[in-house]
Amino acid sequence: MKYSREILDKLDSVTAKRPKTVIQHILEHGYVTTEELETLYGYKHAPRAARDVREQGIPLKMYRVKSSDGRSIGAYRFGDLSRIGDSISKENGRTVLSKALKSALIEKYGSKCFIYSQPLDERLLQIDHRIPYEIGGEQNDNIEHYMLLSPSANRAKSWTCEHCPNWEKKDPSFCVGCFWAYPETHTHIAGKQQRQIIVSFTGNEIEDYNGLINLVGTENAELTIKQLIHQYLPTEADCKTIQ
């Protein structure tokens, strides 16, 4: 199909890798199948890839085709491209999260990434459901159900969630204890018995970081901090003595 320059410019304005890949394939071939998304691009969860496109305001339609071995599989093509950016369209899937919600999150938590605690310009922050949409469905406007993420944190969360055992089980209560949903109170990371603290050093704190490295004599900052904690954290016997 031929598209107007205006439409092509809007499609070309999408820069995120996964939705851009899907868009370019459809532009070249007219559609993309779930089989192609997996075999050509490694996207095993096709609905997620399609959702990424829809979240950019690009309408998609799904229909059925035959796979290379004769199975019935899904395929995606553009919907009505005159409605690019129309978040109310059913073709666009879930409602695009509002600027008002983003402003409320920034007002309460500050303009920073929830995962990396990294201060960012608000235009770079992305709103994400704490519990993935594919598992918990659409949430109401309670800001406690959402988080602000840097683009890199959002990509990391998406990858981790899609490779988590709960992606198939779809138990929202499981996600409540996960680092990627509630880093401030987590009890596991994608089902693994792990805990994680992300510490960033900025400004004059970089001198402290270099001091930690020099103190232990290793280039592994994570190991450095763990060694210091183990060395200086009071033992149970020490705590009893202090009491």
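Numbered according to this note's numbering, the sequence shown spans residues 77 to 319.
Ideal Cβ placement from N, Cα and C applies to all residues, glycine included.
Between the C-alpha atoms of Val141 and Gly213 there is a straight-line separation of about 27 Å. For Tyr107 against Tyr152, the beta-carbon gap comes to about 6 Å, under 8 Å, which counts as contact.
In this structure, DSSP gives Gln202 an extended state, which the three-state scheme calls strand. Cβ atoms of Leu225 and Ile182 stay farther apart than 8 Å, at about 13 Å. Looking at Ser144, Leu87 and Thr97, the one whose alpha-carbon comes closest to that of Arg124 is Thr97.
Straight-line spacing of the CA atoms in His101 and Glu283 works out to 48 Å. For Arg140, the secondary structure class from DSSP, reduced to helix, strand or coil, is strand.
Arg153: member of the beta strand (DSSP E) spanning Ser148 to Phe154, first to last residue. CA-to-CA, the gap between Arg147 and Thr115 works out to about 15 Å. Between the alpha carbons of Lys246 and Ile211 lies a distance of about 5 Å. Under the criterion of beta carbons closer than 8 Å, Ile274 and Leu288 do not qualify as touching, at roughly 15 Å.
Per the DSSP secondary-structure output, Cys240 pairs with nothing in a beta bridge. With fewer than 16 other Cβ atoms from the protein chains shown falling within 10 Å of its own Cβ, Tyr79 counts as exposed. With respect to the C-alpha of Phe277, the residue from Asn286, Gln270, Arg271 and Cys240 having the closest C-alpha is Asn286. Comparing alpha-carbon positions, the option among Gly267, Gln194 and Ser179 lying closest to Ile203 turns out to be Ser179.
Following the DSSP letters along the chain, one finds Tyr222 inside the beta strand (DSSP E) bounded by residues Tyr222 to Leu225.
Between the C-alpha atoms of Thr110 and Tyr119 there is a straight-line separation of about 8 Å.
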